[in-house]
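I have placed the structure first, in the form of structure tokens, so that the comments after it can refer back to it.
In the numbering used here, the protein residues as written are 9 to 94.
What follows is the structure, encoded as structure tokens:
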């Protein structure tokens, strides 16, 4: 059942409707939740703590991480995009 945008309470159970955006909560998730290897996630976490940080970073910024080049930076950006896409 689709709730109206301005709904404050659930019509079925009466609970208060959460105001937090699903995308916002996904962007706040840690990098290790993305589908990348543990070792790459550890390297990325030294500079970018959240999925949102990776989304907003340029590939050049990601490539500044040790042992991350053109291919891995593209892989990391794609993993972040896929994570928030579902």
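Ideal Cβ positions, reconstructed from N, Cα and C, are used throughout, including at glycine.
Keep in mind the model is a prediction, meaning the values are calculated, not measured.
Can you confirm whether the segment 47–67 touches the segment 79–88 when touching is taken to mean that 3 or more C-beta pairs between the two stretches lie within less than 8 angstroms? yes
Contact check, residue 59 vs residue 34 under 8 angstroms by CB: the rounded distance? Right, their Cβ atoms sit about 6 angstroms apart.
When the Cα of residue 31 is compared with those of 63, 14, 67, 72, which residue comes out closest? 63
When you compare only the Cα positions, how much space is there between residue 72 and residue 91? 22 angstroms
Contact defined as beta carbons within less than 8 angstroms: I believe residue 17 pairs with residue 24. What is the distance between those atoms, to the nearest angstrom? 6 angstroms
Just reading off the alpha helix (DSSP H) that residue 46 is part of, what are its end residues? 46–53
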